[in-house]
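Peer 1:
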Ligand code: NAD
Ligand code: UFG
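In the working numbering, the protein residues as written are 2 to 337.
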């Protein structure tokens, strides 16, 4: 297939490019590089030995995006481009709504004008809000507690309405749990700007000596060790989920919704311990106040993706931590 990847130079996008190329698909990438480096694209070429075109292009720019579609014939779009930091979205809601919503509107308009009927969208477990029960199935109640999450939930609705209006349209909504790790080559990985918000990049920067200690946000949750439990998934497994989704659901009209997680929860302290073992480094931590809005426990029921897409996450927590450490220790400053 010929696939356009928006946001393809970012963390999940670059890993998905690798798996799409390895599977023999042709890709074109657009990214405005607002939260990534073009160096990831060179690394993807090195890993796969395959070439593709990268356009430094903002999906808000209708003319620029139209030019990319005019010059190519796409079978499908995998849409990663978006802003993703929960805290920043509370400080800059207008920027988040504009970038994520308007960017997707422009993309959908250009897709329609070029007769492209298949889209795979990066949604998130954030659409489940603070879940009442676990494991979470796709039909669990949906609500959001921050602007970032609201963009995901609203875009799920927009995309579903687009599929309703066009009987040939296939929309796949992939709700990711907590992606971590890196490609096993150590050539691509997560490279957050500034001090990381998410646990894994924070822990790995402590291990590599860039940060002094991990703040564990609360040890009074109703979990075995009192710290928050999440469903961490290796980014390569997540990338392979996109491959299955686009291969199995392109040209199958309708809305297809899948959780992509392992179905297994790990606590913050278990993650610190696993990372310490993988890296051979001591990881100092302190118990800090609970972070507002955090759920105690969140993990997926991923049986629908298994049954429908023939996809399961295969890489365990040790491999996730080993690969994250391999990337971090080889590239202590990320792509900089
Ligand atoms: P990322 O920031 O590494 O990748 C997103 C990419 O989109 C970046 O390269 C950025 O430069 C690009 N981008 C942003 N706005 C753009 C625009 N207007 N035009 C063109 N490019 C633009 O993030 P990621 O972790 O790879 O996430 C990819 C997608 O998955 C995002 O939509 C994110 O919301 C979603 N998601 C991420 C997580 C996670 O924990 N990483 C969890 C659930 C969902
Ligand atoms: N945590 C710490 N210290 C830190 C960072 C996190 O103790 O420095 C804890 C959190 O309290 C939570 C767990 O580690 O219990 C995981 O936190 P993350 O910030 O890594 O991930 P979240 O589950 O809060 O959120 C992530 C993404 C969201 C996405 C969600 C579900 O940031 O965008 O997963 O996919 F919506």
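Backbone N, C-alpha and C fix where the C-beta goes; we use that ideal spot for every residue, glycine too. Just so we're clear, the structure is a prediction, and the values are computed from it rather than from any experiment.
What residues in its chain sit with their C-beta under 6 Å from that of residue 53, if we drop five residues either side in the sequence?
Peer 2: Spatial neighbours of residue 53 in its own chain (CB-CB distance under 6 Å, excluding positions within 5 residues in sequence) are listed in chain order as 28.
Peer 1: Can you tell me whether residue 280 is helix, strand or coil according to DSSP?
Peer 2: helix
Peer 1: Taking residue 84 as the reference, give the member of 138, 49, 126, 152 with the closest Cα.
Peer 2: 152
Peer 1: Hey, quick one: how far does the alpha helix (DSSP H) through residue 47 stretch, first residue to last?
Peer 2: 40-49
Peer 1: Is the closest heavy atom of ligand 2 to the C-beta of residue 85 under 8 Å?
Peer 2: yes
Peer 1: For the putative contact between residue 162 and residue 254, defined by C-beta atoms under 8 Å, what is the C-beta separation to the nearest angstrom?
Peer 2: The beta carbons of residue 162 and residue 254 sit about 14 Å from each other, so the pair does not count as a contact at 8 Å.
Peer 1: Would you say residue 19 touches ligand 1, meaning its beta carbon is less than 8 Å from a heavy atom?
Peer 2: no
Peer 1: Between the Cα of residue 226 and those of 273, 93, 8, spot the shortest distance and give me the residue it belongs to.
Peer 2: Selection 273, 93, 8 evaluated against residue 226 yields 273 as nearest (Cα-Cα).
Peer 1: Measure the alpha-carbon distance for residue 60 versus residue 37 and round it to whole angstroms.
Peer 2: 15 Å
Peer 1: From residue 241 to residue 231, what does the alpha carbon distance come to, in whole angstroms?
Peer 2: Whole-angstrom Cα-Cα distance: 20 Å.
Peer 1: Could you check whether residue 270 and residue 332 sit closer than 9 Å to each other, using their CB atoms as the reference points?
Peer 2: Taking a C-beta distance under 9 Å as the contact criterion, residue 332 and residue 270 do not qualify as a contact pair.
Peer 1: Could you tell me whether the Cβ atoms of residue 198 and residue 126 are closer together than 9 Å?
Peer 2: no
Peer 1: When the Cα of residue 223 is compared with those of 43, 4, 297, which residue comes out closest?
Peer 2: 297
Peer 1: For residue 100, count neighbouring Cβ atoms within 10 angstroms of its own Cβ and tell me buried if that reaches 16, exposed if not.
Peer 2: buried
Peer 1: Do residue 247 and residue 174 come within 9 Å of each other at the CB atom, strictly closer than that value?
Peer 2: Not a contact, by the Cβ cut-off of 9 Å.
Peer 1: I'd like the span of the alpha helix (DSSP H) that includes residue 243, first residue to last.
Peer 2: 236-250
Peer 1: Using a threshold of 9 Å, state whether the C-beta atoms of residue 14 and residue 81 are closer than that.
Peer 2: yes
Peer 1: Hey, out of 68, 261, 311, whose CA is closest to residue 124's CA?
Peer 2: Distance from the Cα of residue 124 is smallest, within the candidate group 68, 261, 311, for 261.
Peer 1: Can you tell me which of the three DSSP states residue 14 falls into?
Peer 2: helix
Peer 1: Beta-carbon within less than 7 Å of residue 103's beta-carbon, same chain only, minus the 5 sequence neighbours each way: which residues are those?
Peer 2: Cβ neighbours of residue 103 within its own chain (closer than 7 Å, five residues either side excluded): 61.
Peer 1: Assuming contact is defined by CB atoms lying nearer than 9 Å, are residue 1 and residue 76 in contact in what I supplied?
Peer 2: Because the chain spans 2 through 337 in this model, residue 1 falls outside it and cannot be assessed.
Peer 1: For residue 286, which residues in the same chain have their Cβ closer than 7 Å to its Cβ, ignoring the five residues on either side in sequence?
Peer 2: 214, 215, 217, 273
Peer 1: Name the DSSP bridge partner or partners of residue 27?
Peer 2: DSSP output for residue 27 lists 3 as bridge partner(s).
Peer 1: Within the present structure, is the beta-carbon of residue 41 separated from the nearest heavy atom of ligand 2 by less than 8 Å?
Peer 2: no
Peer 1: Can you give me the C-alpha to C-alpha distance between residue 290 and residue 229, rounded to a whole angstrom?
Peer 2: 12 Å
Peer 1: Measure the alpha-carbon distance for residue 46 versus residue 335 and round it to whole angstroms.
Peer 2: 18 Å
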